[in-house]
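The block underneath contains the structure these notes are about, expressed in structure tokens.
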Amino acid sequence: GLVQNFAEMLANIFEPLFLASMHPETYPEMFWMLQQFIGFDSVDDESQGTNVTLQNYPPPENWTSEENPPYTYWMYHMYANIQSLNDLRRSRGLNTFRFRPHCGEAGNVSHLCSGFMLADGVCHGVQLKESPV
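2 is the number of the first residue of the sequence shown in my numbering; add one for each residue after it.
Listed below in structure tokens is the structure:
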């Protein structure tokens, strides 16, 4: 593949955002785009199973499988990076971002629980009527 592990995938997504937030003069186009940007969505394969706890999964640098990590694993690592980015941006007086993933369209109820605990809101959530939180 193009990346060696899941940590590299996360770095490809978030490193440019952190760099532009810390050095706007070096990355003016990215910095400008971030001022127009309000949040993150994710459209993942919720049909994949998820273990009961993330303790059963390796850290991102050790996720070297060609298979995508499960939905809850993705959710947690997106949440953690968005929160870190928001902390940095808030400390510099910059706008911050919301996390509103697609959640609760398919898969098990743990996806709804993950969305409820980690996201600012969810897109769709059609399974909420069968599994109220």
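Where is the CB? At the ideal position from N, CA and C, for every residue including glycine.
Going by DSSP, TYR28 is part of no alpha helix (DSSP H) at all; its letter is neither H nor E. Close CB contacts of MET10 within its chain, under the 6 Å cut and outside five residues either way in sequence, are with VAL4 (chain order). Minimum Cα-Cα distance from ARG99 among the listed residues ALA21, ALA12, THR65, PHE41 corresponds to PHE41. Nearest to SER22 by C-alpha distance, out of SER85, THR65, TYR80, is SER85.
Cβ neighbours of LEU20 within its own chain (closer than 7 Å, five residues either side excluded): TYR28.
For PRO61 against ALA8, the beta-carbon gap comes to about 4 Å, under 8 Å, which counts as contact.
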